[in-house]
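Residue numbers (the numbering used here): 3 to 128.
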Amino acid sequence: MLDNLIAFLQTLPPWGILLAAFLIPIVEHVFPPAPCDLLLLFIGTLAGLGTVGLIPLNLVALLGSLAGFAIVYLIGLKLGRSVIDSGRLRFLPTRAIARVEKGFARYGYWVITCNRFLSGIRPVVP
């Protein structure tokens, strides 16, 4: 499947590559874990080949990441703990959430900072 995505990205015009660079981080934040780092790395290779500019690519990917964070934040703001406490999301057991909250209470924002800069573990931490 990943091979098909990479082959598809190769066929896109420059504006399509920028659109993909905007949408890929949104998918990564809203639907983790997703192989978005690998896809963005490939898009960066396309920038290195001159298909698209590196600065516009970085700006668009940054905007996509901010949009993904904003979407997840707004979902959390709207739903709050009610969705977790209801037990409807079986993939988010209450014990696991309590363990995560305990980790954040102990280590604070260092967990978030390290998570953002260690791309290999980024999909696992959420």
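Think of the CB as a built atom: it goes at the ideal place given N, C-alpha and C, for glycine as much as any other residue.
Since the model is a prediction, treat every value here as computed from it, not as a measurement.
Outcome for Cys-38 when other beta-carbon atoms lying within 10 angstroms are tallied against a minimum of 16: Position 36 of the sequence shown, counting from 1, holds the residue named residue 38. Buried.
Beta-carbon contacts of Gly-89 that lie in its chain and below 8 Å, excluding the five residues immediately before and after: Taking the first residue of the sequence shown as position 1, residue 89 is located at position 87. Cβ neighbours of Gly-89 beyond the five flanking positions: Thr-96.
Environment of Ile-28 [buried if 16+ CB atoms lie within 10 Å]: For this step, residue 28 is matched to residue 26 along the sequence shown. The residue is buried, with at least 16 neighbouring Cβ atoms inside 10 Å.
Start and end residues, alpha helix (DSSP H) containing Gly-70: Translated into the one-based positions of the sequence shown, residue 70 becomes position 68. From DSSP, the alpha helix (DSSP H) with Gly-70 extends over 56 to 81.
Cβ contact check for the stretch 50 to 60 and the stretch 9 to 26: 3 or more pairs under 8 Å: yes
Cutoff 6 Å; reference Val-1; Cβ partners in own chain excluding five residues on either side: Within the shown structure, residues of the chain are numbered from 3 to 128, placing residue 1 beyond reach of any answer.
Range covered by the alpha helix (DSSP H) that runs through Phe-93: The residue given as residue 93 occupies position 91 in the sequence shown. Per DSSP, Phe-93 belongs to no alpha helix (DSSP H) and is neither H nor E.
Under 8 Å between C-beta atoms of Ala-49 and Leu-42: Numbered from 1 along the sequence shown, position 47 holds the residue referred to as residue 49. Numbered from 1 along the sequence shown, position 40 holds the residue referred to as residue 42. No. Outside cutoff.
Sequence-distant residues of its chain with Cβ nearer than 7 Å to Val-85 (five each side left out): Indexing the sequence shown from 1 puts residue 85 at position 83. Once the five neighbours on either side are set aside, the close Cβ partners of Val-85 are Leu-91.
Gly-18 - containing alpha helix (DSSP H), residue span: Taking the sequence shown and counting its residues from 1, one reaches residue 18 at position 16. Where Gly-18 is concerned, the enclosing alpha helix (DSSP H) stretches over 16 to 32.
Whole-number beta carbon distance between Val-32 and Ile-73, since they are thought to touch under 8 Å: On the sequence shown, position 71 is the one that residue 73 refers to. On the sequence shown, position 30 is the one that residue 32 refers to. Yes, they are in contact, since the Cβ atoms of Ile-73 and Val-32 sit about 6 Å apart, within 8 Å.
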